[in-house]
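Asker:
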Amino acid sequence: MDRRSGGVHYAELQRGRPRRTGPVRCGRAAGRIHEVTGPRLLTFAAAVAEIATQLADLMAGVLDGRRAAVTDTVRRVLGRSPRDFAEYARTTAATGAWDPRAGAAGAH
1 MDRRSGGVHY AELQRGRPRR TGPVRCGRAA GRIHEVTGPR LLTFAAAVAE IATQLADLMA
61 GVLDGRRAAV TDTVRRVLGR SPRDFAEYAR TTAATGAWDP RAGAAGAH
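1 is the number of the first residue of the sequence shown in UniProt numbering; add one for each residue after it.
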């Protein structure tokens with residue numbers, strides 16, 4: 001599915017202008033419903049790609065491995081070996097916690 005949206009970020013509505021949370025009651029906008037969008041159409045995938053680019057820039061120091069380390073914190077604090085991430089991912093996926101079709105039943 002390649003639906004596009006012209007969604008606008010919350011902060012866009014705040015830049016130096018008063019923000020209304022209810023209906024506009026004066027001027028040309030009074031009593032009308034307005035669809036507020038950004039300047040271009042984006043697919044959901046394109047929006048996520050934009051976010052990923054920004055996160056990658058912010059997390060460069062983490063993502064390049066400079067700070068990578070394995071610690072003994074789980075063993076010291078909980079007195080047991082830590083679980084491997086692959087095991088955690090399998091176990092959590094099996095609960096339905098990440099399945100959007102599961103709704104509230106799968107939420108933790």
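Backbone N, C-alpha and C define an ideal beta-carbon position, used for all residues, glycine too. It should be emphasised that the depicted structure is a prediction, and the values quoted were computed from it without experimental measurement.
Assuming Ser-81 contacts Arg-90 (C-beta within less than 8 Å), just tell me the rounded distance between them.
Answerer: Their Cβ separation, rounded to whole angstroms, is 17 Å, which puts Ser-81 and Arg-90 out of contact at 8 Å.
Asker: I'd like to know whether the C-beta atoms of Leu-63 and Ala-69 end up nearer to each other than 9 Å.
Answerer: Result no, Cβ atoms of Leu-63 and Ala-69 do not sit closer than 9 Å.
Asker: Between the C-alpha atoms of residue 109 and Ala-49, what's the straight-line distance to the nearest angstrom?
Answerer: Residue 109 lies beyond the residue range present for the chain, which begins at 1 and ends at 108; the question has no answer from this structure.
Asker: Note down the Cα distance separating Thr-43 from Ile-51, rounded to an integer number of angstroms.
Answerer: Each residue's alpha carbon lies about 13 Å from the other.
Asker: Could you tell me the distance, in whole angstroms, from the CA atom of Arg-83 to the CA atom of Ala-47?
Answerer: In a straight line, the C-alpha of Arg-83 is about 33 Å away from that of Ala-47.
Asker: If you reduce the DSSP assignment to three classes, tell me which class Pro-82 lands in.
Answerer: It is coil, neither helix nor strand.
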